[in-house]
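A.B. asks: Chains as they are written, first to last, in the numbering used here: chain A, 30 to 333; chain B, 702 to 916; chain C, 78 to 344; chain D, 5 to 669.
Have a look at the structure that comes next, please.
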Amino acid sequence: MKIGYFPGCSLHGTAPEYEASLKLVAKAADIELVEIEDWNCCGATAAHSMNRMLSIALPARNLAIAEKMGLEEVVVPCAACYSRLLFALNEFKLDEKVRMNLQPIIETEFKGNIKILNVLDFLEKYVMDALKNKVDDKFKKKAACYYGCLLVRPPKLTNSERWDDPLRMEAILKKIGIDSIDWSFKTECCGAGLSIARTDIVGKLSGKIIEDAKDRGADMIVTACPMCQSNLDMRRGAINNYLKKDNNIPAIFITQLIGLAFGYSEKDMQFDKLFVPISFSNNNFSNNNDNLKMQKSKVKEVKV
Amino acid sequence: MQNNMTEIAENPSKDTYYSNDLQKWGAEIKNKDISLKELVFNETGEKVSLCYQCGKCTAGCPLSDEMDIAPNTILRLLQIGSKEYDRKVLSSYTIWVCLSCETCMARCPKEVDLPAITDFLRSESIRRHLANRKANNIINFHKAFLHSIRGSGRLYEFGLVIGYKLRAKNLFQDVLLAPSMITHGKLKFIPAKVKNSSQIKEIFQKTINNNRGGK
Amino acid sequence: MTELQNIAKKLFDDGSINLLIGYSNNENGGTSAIFIDNSADIDKLIYNENCHQNLMVYFQKPEVKKFGKLAFVVSLPGLKSVLEIASENQIKDGDAYFIAIDKDGNPSLLQDFHQIEDFITNNQTKPPMGLLKLMEKINNMTREERWQYWTDEFSKCIKCYACRSVCPLCYCTQCITDINIPQWISTESSPIGNLDWHIARAMHLAGRCIGCGECMKACPVDIPLALLTANLNKSIAIHFGDEPGMKADYKYPLSHYKLEDKENFIR
Amino acid sequence: MARIGVFICHCGENIASTVDCGKVAEISSKIPGVVFSTDYKYMCSDPGQTLIKDAIKKYKLTGVVVGACSPRMHEPTFRKVVASEGINPFFCEMANIREHCSWVHPKGEETTQKAADTIRILVEKVRNNEPLYPIKVPVTKRALVIGGGIAGIQASLDIANAGNEVILIEKEPSIGGHMAQLSETFPTLDCSQCILTPRMVEVAQHPNITLMSYSEVESLEGFIGNFKATIRKKARFINEELCNGCGDCTLKCPIKKIPDEFNAEMGKRPAIYVPFPQAVPNKPVIDKDNCTHFKNGKCQFCKTNCSAGAIDFDQQDQLITVDVGAIVVATGFTIKGTDFFPEYGYGKYKDVVTGLQFERLLSSSGPTLGEVRRPSDGKVPKKVVFIACAGSRDPAKGIEYCSKICCMYTAKHAMLYKHKVPDGEADIFYMDIRAGGKNYEEFVRRAVEEDDVNYIRGRVSKVYEKNGKLIVRGVDTLLNSTPVEIEADMVVLATASVAHSDAESLAQKLHISYDSYNFFSEAHPKLRPVETNTAGITLAGACQAPKDIPESVAQASAAASKTIALFSQDLLTREPIIAVSNKSTCVGCFLCQSVCPYLAIEREEIKDRNGNIIKTVASINSGLCQGCGTCVAFCRSKSIDLQGYTNNQVFSEVSALFERSEEYV
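Written out as structure tokens, the structure is:
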């Protein structure tokens, strides 16, 4: 079974572990991910902040190429890219002006028949069944499933039913024996859009998320978006700065966990790429002292 | 190049690249009778009159305390439709600090698409050279981002950060994160490029120059 | 003796029927209806592919009814009309025997509506391709072209009412076109009168027509009349999901409200 | 040969300012058969009526067309005029040249011409009219009241006190409705049960009232004065005649943990239960779904412990048919759940409750005996946040309309809470305060000024739990839209009032109309606010729209007075505008029967002299037929005609439209 795949810049940049784990999970479920040829950036917040048509045209080019490749579905693991691609497709379907103007801009024929799957759609549709009997004792850790904004919002676009209290990730994790906590910040914003320009805001928003997950006894935060994950994982400086204390709760991709359940190693799942380390090989988290030290020293330095 | 960059960094509204359609739309903008709320309706299809000022958008906004004007007040100012208030909206910091997290829209009892309105207000703000100076960093980041993908079709983080730093004149922020990103294999020095990069440039050319920003 | 004749003979012999309506060869080398009231004439009874007339049209005739116990030789469309008129309270279970001819030409005796329903379900046939093609062609026309097409067709009508006479569902003792106070439909074959008649006829058959196509075959000027009712049936099936002639307790969709009925199709 | 008179009314300036009335009269005079035609300023006035009478005498008129306002307004007036001159009143027709011409078109030649056309059409109708005679039908002087809340109780008592029989049916095991659940009532703060229970007892003891609790309407046939209702008396598995209401059975029931409906699921009840101590009738009911005996046949504790021997596990639902002359629908409302508001955490956090649940916490008969204690740990909450409009005025997730009662009960809740917990704090998030009622505004101000309730104008975006506290994140729009975060011990949601889930099917059973929210529709929003479009059926209380207690009671009395007025007559006079079938041409397809909304079409067997059935035809019950004409439209052989609007009349009206000739204009 072949399904289209749009990695987006993050999976080729800051989140290689997400791509690696997703690909191996797909392989385990007997799915071949076909990368969209010569894909381009979806434009992200910058494009829709500056120009609407640009924010439609950039994703639409990718969709048009995917259609041309004969793909019926395309997996978009990055929630931000997913949102932009879905938005472009939706506008193409609903706005006649867009339909008329798009073709000359992207210079490719586009019919709008393609289906866009986010990573949860993909896991539910193609991987869930293969996860039977994958419950493993080593997963006895409590997860805080973090969805962020764009997997669920705007509800009309994403078609999410329980957008304020989604339970899809929880259901997937349950399949591999991971219990999830009930918490309040599942769909709060982590501040990704201002990651570089206003790092202080990221510290505050992501800080609140990490604090609640920790307070409610989560051992790890599970994400399905490279932007969320990178903020929660890499921005510990700003986060700890806001929280005024250090936090070592890891933020991991859902695909990394599922990969483990399929029997891949932590090395295969590129656990080494995570800033805040986690390991399932023994019953405790490997609190790598070096890493912690690095976190601490960074906090100090940023304060200066 | 560097000079130009600096000048723009100080006042992004002077950046002619993102507002060179001013001439094209100039006539319309000169037509002062069109209030911003009508423009919002024409360009996004959103009716600001739907808002009954319950404030749920502001209550749910993760960034409302960072904003100079509360989201519901933005809608109220638009509803009144005076020139003074329109200007106030377009020169607000609010429209730039908005993260597009869509919480306001998802919670709004009247389903006003505030994120779509905000997107339009941003481009209109630049077009009218009214962008809030406090938002320079944010605007510079967006421009650096678009500059990066305009060039290579994909985001080149290292280049983006460098480009942004040049625009923002804030070379040392985040530098501390870079080494660990490199050691974790998360930052690449060689940009990945789209083969058909001329097509990407075309897309930029045809959209930025021909479109107001809204519908 | 053929199997068909055997069945008929048995019905007469045990006194089950007084009249059998079937097909026989006529002098013109074709087939026509034959009314057999005693077993002596049974050898005239035949069935072949030329026997298409829907004999159920005779069921409501007083001259036929007075015989009391009846039997009909019917193929699929005839049986469908039995169920349809049953749903309209015109025939009760046990009113007549039906010698059903399946698609291979084999006869079997059906006595109750259940058997008929099963027979129909097991012997479904597709409408002729030619008809479907013509229907598709007309449906693909613009509204103006369609109007022109039917205006042209109706202009040929000579108001002979053969379409009405052969239709097993046109059983009203007083047809709307026979009423003159008020004169709903003008009697002469003027363009407006023709249009009036065919629209009234089509609307009266909408959702009831079982598609035997007799109207079209009987038309001396070859107006493709069955298309009108077939297309109306299609619309009704799309909106209400029901098809006439399949069940004896068919609830006519245009007069029966179901909670799940769509109400938004009227725009 | 018809001799028709045409009378054009100016309606003061209403018609005359747009239509040239003189010209219309002149044009009309040229229609063949019209022997007299005139116009006059007020045709409905005394001189106008005299004018018509004089003309009838002088010109020996056989028919009259009055061109004036809507027949709804003055048709009875003019028909009476015509009848007083000895002509069958149905030879008088009205042409509505006001609503159909002058009010909707500009002044001009074309409008005048349309008026003239309208007159011509009616002249053609009158020419084809036939004399008709009113139909008299008897009235059953017994009312059916559906719903035993305060509205149904009030209506029943009023009708019964006027000397009429009443059957009051209630679907729950006890009457009392929502009012029985309330603690105290705004704006007087008197105890809800104290004022309600005497009425409940009065109902139970009234000689004219038959109370059927735990019963629902199964179906309804008939028409005003002559309804036939089938009522399903649900099996309560108690022989009500034997039961003495001692309550032993409820104490012995081993099942004790079923969420208690009366306490809005804040308390628990056994499987055999009386909903509340003051219930009327005070007889228990067995909840079959939760009873061990019905589940596996292993328990009969209640039966063995019943000294009266009243437990009857074999009881079945009973269908009871009653004849009634009028119906009062008082089925009330229900509370919309808050599942559609996941952001407020209802169902997820125990201390987020609905207004009705809070009402039970305040009530001395409630699960906490009137002490405000939070459901999670039984502690007295020191900070309670009330959220108004939790569902109302929210087209995106809830309902579009204002539920009307929430502003007041929220003020009351906050006030009562402060009275019970004087050191507690009460915050109310609101959008607008709607306190338009006698002493209502004063009540809300009292909450603010005397009881220190803190009103915050703004909506809450999210409620979440942190460190055992409920964090309420809202905004104060009066303070420059400042975000507000309140750490609360308890959150009360003023959920929306909505129609019952079965309101639509009840409306269809009763043949009454309902709006898009499934509230039942009144016949006219201003002038007939308690009647439905179906004659003989009236509405009372919140089944029509959200209402508070005084309004419900007022409407119940209004519905009762309509019913009593109906019962003051022995015979009802009905217009003879009914359908008749032609039995010789009817083929008996009974399409008419399947479309008749009034079940007025019956099957009639036509027999020959020897008694053999020749055919079965449609026959129309003149008592049931309402003259809607649906059957006429469906009859393929045109074997049904509507008296007063026969096919021939309508056809000639339509034909007349095409006959406008130059000479008339």
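Even for Gly, the Cβ is constructed at its ideal location relative to N, Cα and C.
Here the structure is a predicted model, which means the values were calculated and not measured.
Mind checking if Y348/D is an interface residue toward chain A, Cβ cutoff 7 angstroms exclusive?
C.D. replies: By one-based count along the fourth sequence, residue 348/D stands at place 344. Y348/D does not count as touching chain A.
A.B. asks: With a CB to CB cut of under 7 angstroms and the five nearest residues on each side skipped, what residues in its chain are close to R90/A?
C.D. replies: Walking along the first sequence from the start, residue 90/A turns up at place 61. Once the five neighbours on either side are set aside, the close Cβ partners of R90/A are N69, I135 and T137.
A.B. asks: For the candidate residues I315/D, N243/D, T486/D and V476/D, whose alpha-carbon lies nearest to that of I391/D?
C.D. replies: As a first step, residue 391/D must be located in the fourth sequence, where it is residue number 387. Minimum Cα distance to I391/D is reached at V476/D.
A.B. asks: I want to know whether the stretch 265-283 of chain C touches the stretch 297-315 of chain C - three or more CB-CB distances under 8 angstroms.
C.D. replies: yes
A.B. asks: Which value, in whole angstroms, describes the spacing of the CA atoms of V457/D and S259/A?
C.D. replies: Looking up residue 457/D in the fourth sequence gives position 453. Looking up residue 259/A in the first sequence gives position 230. The alpha-carbon atoms of V457/D and S259/A are separated by roughly 45 angstroms.
A.B. asks: Hey, does G246/A have any beta-carbon neighbour from chain B nearer than 7 angstroms?
C.D. replies: The residue you call residue 246/A lines up with position 217 of the first sequence. No, no contact with chain B.
A.B. asks: Quick one: residues in its chain with C-beta nearer than 6 angstroms to the C-beta of I113/C, no 5 flanking neighbours on either side, listed in chain order?
C.D. replies: For the purposes of this step, residue 113/C is taken as the residue at position 36 of the third sequence. For I113/C, where only same-chain residues beyond five positions count, the Cβ hits under 6 angstroms are L97.
A.B. asks: Is there contact between the stretch 80-87 of chain A and the stretch 901-909 of chain B, where contact requires at least three CB pairs shorter than 8 angstroms?
C.D. replies: Touching, per the Cβ criterion.
A.B. asks: For H78/D, is the classification buried or exposed, using 16 other Cβ atoms within 10 angstroms of its Cβ as the cut-off for buried?
C.D. replies: For the purposes of this step, residue 78/D is identified with residue 74 of the fourth sequence, where counting begins at 1. Under this definition H78/D is a buried residue.
A.B. asks: Please report whether the beta-carbon of T650/D lies at a distance below 7 angstroms from any beta-carbon of chain C.
C.D. replies: Counted from its first residue, the fourth sequence places residue 650/D at position 646. No, T650/D lies away from the interface with chain C (no Cβ there is under 7 angstroms from its Cβ).
A.B. asks: Check each residue of the stretch 549-572 of chain D: if its Cβ is closer than 8 angstroms to any Cβ of chain B, include it; give the result in chain order.
C.D. replies: Of all residues in the stretch 549-572 of chain D, none comes within less than 8 angstroms of chain B when Cβ atoms are compared.
A.B. asks: Relative to the alpha-carbon of F190/C, which residue among V159/C, N200/C and K203/C has its alpha-carbon at the smallest distance?
C.D. replies: For this step, residue 190/C is matched to residue 113 along the third sequence. Nearest C-alpha to F190/C: V159/C.
A.B. asks: If the cut is a Cβ gap below 7 angstroms, which residues of chain B does D398/D touch?
C.D. replies: In the fourth sequence, residue 398/D corresponds to position 394, counting from 1. Ordered by position in chain B, the residues that pass the 7 angstroms Cβ test against D398/D are P810.
A.B. asks: Quick check: the Cα distance between L751/B and V813/B, rounded to an integer number of angstroms?
C.D. replies: Indexing the second sequence from 1 puts residue 751/B at position 50. Indexing the second sequence from 1 puts residue 813/B at position 112. Computed Cα separation, rounded: 7 angstroms.
A.B. asks: Which complete alpha helix (DSSP H) runs does the stretch 170-242 of chain A hold, if anything under 4 residues is left out?
C.D. replies: 184-187 and 197-204
A.B. asks: Give me the residue from E126/C, E213/C, A148/C and A314/C with the minimum Cα distance to F136/C.
C.D. replies: On the third sequence, position 59 is the one that residue 136/C refers to. Restricting attention to E126/C, E213/C, A148/C and A314/C, the CA atom closest to the CA of F136/C is found in A148/C.
A.B. asks: Answer yes or no: does any C-beta atom of chain A fall closer than 7 angstroms to that of I19/D?
C.D. replies: Taking the fourth sequence and counting its residues from 1, the one referred to as residue 19/D is at position 15. Output row for I19/D: interface = no.
A.B. asks: Can you tell me which residues form a DSSP beta bridge with Q322/D?
C.D. replies: For the purposes of this step, residue 322/D is identified with residue 318 of the fourth sequence, where counting begins at 1. Looking at the DSSP output, Q322/D shares a beta bridge with K237/D.
A.B. asks: Taking one C-beta from the stretch 545-563 of chain D and one from the stretch 577-596 of chain D each time, how about it: are there three or more such pairs within less than 8 angstroms?
C.D. replies: no
A.B. asks: Which partner residues does N230/D have in the DSSP bridge list?
C.D. replies: Sequence index remark: in the fourth sequence, residue 230/D carries index 226 (1-based). Beta-bridge pairing links N230/D to F227/D.
A.B. asks: Only counting runs of 3 or more residues, tell me where the beta strand (DSSP E) segments fall wholly within the stretch 250-314 of chain A, in order along the chain.
C.D. replies: Annotation note: the stretch 250-314 of chain A contains the following uninterrupted beta strand (DSSP E) runs of length 3 or greater, listed N- to C-terminal: 280-282.
A.B. asks: Quick one: what's got a C-beta closer than 7 angstroms to K232/D's C-beta in the same chain, skipping five residues either side?
C.D. replies: Position 228 of the fourth sequence, counted from the first residue, corresponds to residue 232/D. Correct list, in chain order: E225, G226, T325 and D327.
A.B. asks: What is the DSSP secondary structure of G359/D, reduced to helix, strand or coil?
C.D. replies: Mapped onto the fourth sequence, residue 359/D falls at position 355. Helix.
A.B. asks: Quick check on K784/B: does DSSP put it in helix, strand or coil?
C.D. replies: On the second sequence, position 83 is the one that residue 784/B refers to. Helix, per DSSP.
A.B. asks: Strictly under 7 angstroms for the Cβ-Cβ distance: is C249/C near chain D by that measure?
C.D. replies: As a first step, residue 249/C is located in the third sequence; it is residue number 172 there, counting from the start. Taking Cβ atoms only, chain D reaches closer than 7 angstroms to C249/C, which makes this a yes.
A.B. asks: What separation, rounded to the nearest whole angstrom, lies between the Cα atoms of S310/A and S294/A?
C.D. replies: Taking the first sequence and counting its residues from 1, the one referred to as residue 310/A is at position 281. Taking the first sequence and counting its residues from 1, the one referred to as residue 294/A is at position 265. Rounded to whole angstroms, S310/A to S294/A spans 9 angstroms at the Cα level.
A.B. asks: From the DSSP output, read off the bridge partner residues of G395/D.
C.D. replies: Start at 1 with the first residue of the fourth sequence, and residue 395/D comes out as number 391. R397/D, per the DSSP bridge assignment.
A.B. asks: For N257/C, return the contacting residues in chain D, with the cut-off set at a CB-CB distance below 8 angstroms.
C.D. replies: As a working note, residue 257/C is residue 180 in the third sequence. Those within 8 angstroms of N257/C in chain D number zero; the least Cβ separation is about 10 angstroms.
A.B. asks: Three or more beta-carbon pairs under 8 angstroms between the stretch 178-188 of chain A and the stretch 806-824 of chain B, yes or no?
C.D. replies: Because the criterion of three Cβ pairs below 8 angstroms is met, the stretch 178-188 of chain A and the stretch 806-824 of chain B touch.
A.B. asks: Does the beta carbon of C752/B come closer than 7 angstroms to any beta carbon on chain D?
C.D. replies: For the purposes of this step, residue 752/B is taken as the residue at position 51 of the second sequence. For C752/B, the answer is no, since every Cβ of chain D falls outside 7 angstroms of its Cβ.
A.B. asks: So, helix, strand or coil for N484/D, using DSSP?
C.D. replies: By 1-based counting over the fourth sequence, the position of residue 484/D is 480. Looking at N484/D - three-state DSSP - the assignment turns out to be coil, as it is neither helix nor strand.
A.B. asks: Going along the chain, which residues of the stretch 127-142 of chain A sit with their C-beta nearer than 9 angstroms to a C-beta in chain B?
C.D. replies: V127, N130, P133, I134, I135, E136 and T137
A.B. asks: Quick check for students: name the residue ranges of the beta strand (DSSP E) that lie wholly in the stretch 557-600 of chain D, counting only runs of 3 or more.
C.D. replies: 575-578 and 583-585
A.B. asks: Using a beta-carbon distance below 7 angstroms, is R83/D in contact with chain B?
C.D. replies: In the fourth sequence, counting from the first residue as 1, residue 83/D sits at position 79. No - not a single Cβ of chain B is within 7 angstroms of the one on R83/D.
A.B. asks: Going by Cα to Cα distance, which pick from G99/C, M133/C, G106/C and G145/C is closest to I123/C?
C.D. replies: The residue given as residue 123/C occupies position 46 in the third sequence. Residue G99/C is the option with its Cα nearest to I123/C.
A.B. asks: Using a Cβ-Cβ cut-off of less than 8 angstroms, list which residues of the stretch 590-620 of chain D approach chain C; keep chain order.
C.D. replies: V591, G592, C593, F594, L595, S598, V599 and T620
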